[in-house]
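S.K.: Got a structure for you, questions after.
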Amino acid sequence: MNDTTNLGPPPPRSTLKLEAIPDLVQRLRAGERRAIAAAVTELEKLSTSAPPLLEALQPYLGHALVVGFTGPPGAGKSTLVNAVIAHVRSQGGTVGVIAVDPSSPISGGAILGDRIRMTAALDDDGVFVRSLASRGYLGGLSPAAVRVIDALDAAGFDLVLLETVGTGQSEMDVAEVADVRVVISAPGLGDDIQAMKSGLLEIADILVVNKGDREGAELTLQQLLGALSIRSMRSHIPVLKTTATTGDGVPELVSAVREVGGKGGDAMSRRRRRARYLIARAAADIVARRVKEDSGREIDGLADEVLSGRVSPDIAARKLLGS
Ligand SMILES: Nc1nc2c(ncn2[C@@H]2O[C@H](COP(=O)(O)OP(=O)(O)OP(=O)(O)O)[C@@H](O)[C@H]2O)c(=O)[nH]1
Ligand SMILES: [Mg+2]
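The sequence shown: position 174 = 174 (our numbering), numbered continuously.
The structure is reproduced here in structure tokens:
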């Protein structure tokens, strides 16, 4: 196996010089908005400066509570993020937001709408918002987004909110990198309760029925409680009703987030969880590239064994990994 075939495309060159990193980190630590934005951009691009920058951020990580906001399109995630920002700011806390745009947006307007709604926070140094493309990660979190968390954590934001649309992949990603997982639903989203039952319900630490002002909100709430009660392991999780447009229920949501976050692990285990995710993602990418690009005998041989039914794909994968 020729290892150079497994390295992937080279990272984009950076305009950030190595010797400028300590200064950038110092300004980021002081909360300077332009420095935070510059660091986020380097990490998002995964530029040549991203690895040394991440290393320089390491001593300052583990302070932020990373909260995933996920749920079906249109449930009101962005509106709720805005309402949470307003409440946390009124309490003197600070908030960083990473909104992950789906690769193929369901409606281009929703993304633009997100930006416009969030501009209300743009003059406030206690808030930093960045929309990221999901870059072919099918609505999931790109590894770049996970690294961006580190920049916001090091910059000292108390809460880092990650908004992702609840597709299969992103909900699993959010489950792995967030310290607290908030799953948002709303009445009138068709068969979404069904979808919640299968995937999102399993990962939620807190369930929210948003659009509490809409008819059917109480019914949605009861359906979720019913779905939880048949899963005895999950029946303890809080189910809250919010109206993001008015802020109703938002203080209770923020309290619940802090309570769940308080029960989570320490700073080290939070950082370790994110690092484990990045390793798993990188390992999966390397293996996928090996399988795709290697036309050598090893993989063809394994493929034939799988085709003949002598070996399961799982065993073949283990053989490939030598484990
Ligand atoms: N009546 C009512 N409307 C709401 C509420 N929260 C959000 N909305 C509206 O619902 C629509 C969708 O809200 P968004 O915040 O964009 O929803 P989202 O989940 O972020 O949507 P995507 O990012 O596209 O997945 C907007 O028109 C909001 O104004 C609420 O509590 N009550
Ligand atoms: Mg949104």
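All C-beta atoms, glycine included, are put in the ideal place defined by N, C-alpha and C.
Please work out which residues of its chain come closer than 6 Å, Cβ to Cβ, to Val25, disregarding the five sequence neighbours upstream and downstream, and give them in chain order.
M.R.: Ala56
S.K.: Counting only the same chain and skipping the five closest in sequence on each side, list residues whose C-beta sits under 7 Å from that of Asp248.
M.R.: So the qualifying residues of the chain are Gly212 and Thr242.
S.K.: If you compare alpha carbons, which of Thr79, Val95, Asn82 and Ala37 is closest to His63?
M.R.: Val95
S.K.: Report the CB separation of Arg29 from Ala155 in whole angstroms; it is logged as a contact under 8 Å.
M.R.: Between Arg29 and Ala155 the beta-carbon gap is near 7 Å, inside 8 Å, which marks them as a contact.
S.K.: Would you say Ser78 touches ligand 2, meaning its beta carbon is less than 7 Å from a heavy atom?
M.R.: yes
S.K.: In three-state terms, what does DSSP make of Ser229?
M.R.: helix
S.K.: On the premise that Glu163 lies in contact with Ala256, defined as a C-beta separation below 8 Å, what is that separation, rounded to the nearest angstrom?
M.R.: With a Cβ gap of about 18 Å, Ala256 and Glu163 do not count as contacting.
S.K.: Would you say the beta carbon of Gly226 comes nearer than 7 Å to a heavy atom of ligand 1?
M.R.: Flag unset: Cβ of Gly226 not near ligand 1.
S.K.: How many angstroms separate the CA atom of Pro22 from the CA atom of Ala35?
M.R.: 11 Å
S.K.: Does DSSP classify Gly96 as helix, strand or coil?
M.R.: If DSSP states are grouped into helix, strand and coil, Gly96 belongs with the strands.
S.K.: When DSSP labels each residue in this structure, what does Glu163 get in the three-state scheme?
M.R.: strand
S.K.: What residues match up with Val209 in a beta bridge as DSSP calls it?
M.R.: Ser185 and Lys241
S.K.: Just curious, the alpha helix (DSSP H) that Leu253 is in, first and last residue?
M.R.: Val250 to Lys263
S.K.: Would you call Ser269 buried or exposed, if buried means 16 or more other Cβ atoms sit within 10 Å of its Cβ?
M.R.: exposed
S.K.: In chain order, what residues of the same chain have a beta carbon less than 7 Å from the beta carbon of Tyr277, not counting five sequence neighbours either side?
M.R.: Val146, Glu176 and Val177
S.K.: Using the rule of at least 16 other Cβ atoms within 10 Å of the residue's Cβ for burial, across every protein chain shown, is Pro313 buried or exposed?
M.R.: exposed
S.K.: How many whole angstroms separate the CB atoms of Arg181 and Gly68, which I take to be in contact at a CB cut-off of 8 Å?
M.R.: 5 Å
S.K.: What are the partner residues of Val67, as DSSP defines its beta bridges?
M.R.: Leu161 and Val180
S.K.: Going by the C-beta, is Lys292 closer than 7 Å to any heavy atom of ligand 1?
M.R.: no
S.K.: Pull up the distance between the alpha-carbon of Ile279 and that of Pro143, whole angstroms please.
M.R.: 10 Å
S.K.: When every heavy atom of ligand 1 is checked, does at least one fall within less than 7 Å of the C-beta of Thr243?
M.R.: yes
S.K.: Would DSSP call Leu132 helix, strand or coil?
M.R.: strand
S.K.: Would you report the Cα separation of Gly76 and Asn210, rounded to the nearest angstrom?
M.R.: 7 Å
S.K.: Taking 7 Å as the cut-off, is the C-beta of Val182 nearer than that to any heavy atom in ligand 1?
M.R.: no
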